[in-house]
Amino acid sequence: MWIGFGEFDLLLGDVHSLKEKRSVVRPIVADVRKRFAVSVGEVDHLDSHRRTVIGASVVAADRSHVTDVLDTVERFVAGRGEVTLLAARCRILRSTDI
């Protein structure tokens, strides 16, 4: 079993409150979950209205599938016009590594 996770550090555009932030972040999280069947959520910068980190994880039988899914999620998030991807960190582990 292969386990992969990615953290996507995002700068939000013209956002001035946490309420506006939620209106930007929630649709991104929902779209990633729906399109790629991964576990996903906001995982950092929860009290900052201009920054967020979205984490996604996937489990699969082969490493190449995990890599493909995380790469596709990264491209999808980076392509969203309302955010700027500042950094992406991904890691892939085999279940026997843990």
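Counted the way the working numbering counts, the sequence shown spans residues 80 to 177.
C-beta: ideal position from N, C-alpha, C; glycine also.
Remember, it's a predicted structure, so these values are computed and weren't measured experimentally.
According to DSSP, which residues form a beta bridge with residue i?
{"i": "G85", "result": "A135 and C169"}
{"i": "T163", "result": "L90"}
{"i": "R130", "result": "L90"}
Around the C-beta of residue i, are 16 or more other C-beta atoms found within 10 angstroms, so that it is buried, or is it exposed?
{"i": "G85", "result": "buried"}
{"i": "L125", "result": "exposed"}
{"i": "A116", "result": "exposed"}
{"i": "I177", "result": "exposed"}
{"i": "L149", "result": "buried"}
{"i": "A140", "result": "exposed"}
Quick one: measure Cβ to Cβ for residue i and residue j, integer angstroms, because I've assumed they're closer than 8 Å.
{"i": "E121", "j": "V108", "result": "7 Å"}
{"i": "R114", "j": "F155", "result": "7 Å"}
Worksheet item: With contact counted as at least three CB pairs below 8 Å, one residue from each stretch, are the segment 80-99 and the segment 155-172 in contact?
Response: Touching, yes.
Worksheet item: Along the chain, which unbroken stretches of the alpha helix (DSSP H) at least 4 residues long are found entirely within the segment 102-127?
Response: Counting only runs that start and end inside the segment 102-127, there is no alpha helix (DSSP H) element of at least 4 residues.
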